[in-house]
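**Q**
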Amino acid sequence: MSKLQLRGKIALVTGAGRGIGKATAKLLAKNGAEVVLTARTTSEIDKVVEGIVEGKGRALSISGDITNGSFVTDLFSQIQDQYGRLDILINNAGKAPFGTIEEMSVDLFRSCLELNVVAVFHCTQEAVKLMRAKNDEGKIINIGSVRSHWSEAGGDGAYNASKFALKGLTETVARQLHGTGSKICVGLICPGGVDTSLVNPSSEPNPRLLRPSRVAEAVLHSVTSPPDVNIYDITLFNMSQVPW
Numbered sequence: 031m032s033k034l035q036l037r038g039k040i041a042l043v044t045g046a047g048r049g050i051g052k053a054t055a056k057l058l059a060k061n062g063a064e065v066v067l068t069a070r071t072t073s074e075i076d077k078v079v080e081g082i083v084e085g086k087g088r089a090l091s092i093s094g095d096i097t098n099g100s101f102v103t104d105l106f107s108q109i110q111d112q113y114g115r116l117d118i119l120i121n122n123a124g125k126a127p128f129g130t131i132e133e134m135s136v137d138l139f140r141s142c143l144e145l146n147v148v149a150v151f152h153c154t155q156e157a158v159k160l161m162r163a164k165n166d167e168g169k170i171i172n173i174g175s176v177r178s179h180w181s182e183a184g185g186d187g188a189y190n191a192s193k194f195a196l197k198g199l200t201e202t203v204a205r206q207l208h209g210t211g212s213k214i215c216v217g218l219i220c221p222g223g224v225d226t227s228l229v230n231p232s233s234e235p236n237p238r239l240l241r242p243s244r245v246a247e248a249v250l251h252s253v254t255s256p257p258d259v260n261i262y263d264i265t266l267f268n269m270s271q272v273p274w
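Residues 31 to 274 in this note's numbering are what the sequence shown lists, from first letter to last.
1. Whole angstroms are fine: how far does the CA of residue 96 sit from the CA of residue 74?
2. Taking the alpha-carbon of residue 59 as reference, which of 46, 265, 69 has the nearest alpha-carbon?
3. Which whole-angstrom value describes the C-beta separation of residue 213 and residue 156, a residue pair presumed to lie in contact below a C-beta threshold of 8 Å?
4. If you count every other CB in all the chains shown that lies within 10 Å of the CB of residue 137, and 16 or more means buried, which is it?
5. Our contact map puts residue 252 next to residue 217 with C-beta atoms below 8 Å; I'd like the distance itself, whole angstroms only.
6. Using the three-state DSSP reduction, which class does residue 169 fall into: helix, strand or coil?
7. Measure the C-alpha to C-alpha separation of residue 117 and residue 249 and round it to an integer number of angstroms.
8. Keeping to the same chain, check which residues put their C-beta closer than 6 Å to that of residue 41; ignore five residues upstream and five downstream.
9. Which partner residues of residue 217 appear in the DSSP bridge assignment?
10. Spell out a yes or no on whether the segment 72-92 and the segment 147-156 are touching, meaning 3 or more CB-CB pairs, one atom from each, closer than 8 Å.
11. Is residue 100 near residue 70, with beta carbons less than 8 Å apart?
12. CA-CA distance, residue 126 and residue 242?
13. Would DSSP call residue 118 helix, strand or coil?
14. Kindly provide the ranges of any beta strand (DSSP E) runs that are 3 or more residues long and lie completely inside the segment 83-142, ordered along the chain.
15. So, using beta-carbon positions, are residue 68 and residue 44 closer together than 8 Å?
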């Protein structure tokens, strides 16, 4: 397909300053989408935008915390005012606090759910409103994890719980929308370990980890599917990560 297969599309990527979000924003822009990048660290998303623009793409950075309801409302209002539409939402921002059931604080557990689930719900809600108002069509992709399907390690209760919840949220919204005639598709990308600062803070070479670009390619596959096709769940990992 043409590298401009997303030309004319407006896409929002959360957590777009690094890792999977950065790779996804760059790939969507390379394929013609105009991309809105959001994250808490202004300098990171501004740098990604600069790279996209240097490559002749189009992008806009809006920094803020998506666990702040007022910011989310304002973010989508800015998108409406700037573009009048939203075609693609990539819910990528997330966190992964680790600790045993005895050690992890309730506040830390709650903060994980706030970002990995509640913020996704809020962004999805606002995106659906924009998509419904335009032509009842769009793609919403949530970045889950293999932990959305199985718990491979102890001490990861907050993260695993959030990713299981994200799978349930994705399926529920997908059934409500695409399953009842809307052309708003909602899907889940579930990678194994990815070579990001979250998983590999030392940045030491690790061939067992997926490259963020591989996850971005799965996202592109999902958002370029026909309007009547909802690619609901993609699980991807290196063969060295196979859990069985």
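Even glycine gets a Cβ: it sits at the ideal position worked out from N, Cα and C. These numbers were taken from a predicted model, which means no experiment stands behind them.
**A** The relevant details are as follows:
1. Taking the straight line from one Cα to the other gives about 16 Å.
2. 46
3. Not confirmed; about 18 Å, so no contact.
4. Exposed, because fewer than 16 other Cβ atoms sit within 10 Å of the Cβ of residue 137.
5. Between residue 252 and residue 217, the beta carbon gap of about 5 Å places them in contact (Cβ cut-off 8 Å).
6. strand
7. 14 Å
8. Excluding residues within five positions, the ones whose Cβ falls inside 6 Å are 58, 63, 65, 118.
9. For residue 217, which the question treats as bridged, DSSP gives the partners 171.
10. Judged by Cβ distances under 8 Å, the segment 72-92 makes no contact with the segment 147-156, as fewer than three pairs qualify.
11. no
12. 17 Å
13. strand
14. 88-91, 118-121
15. yes
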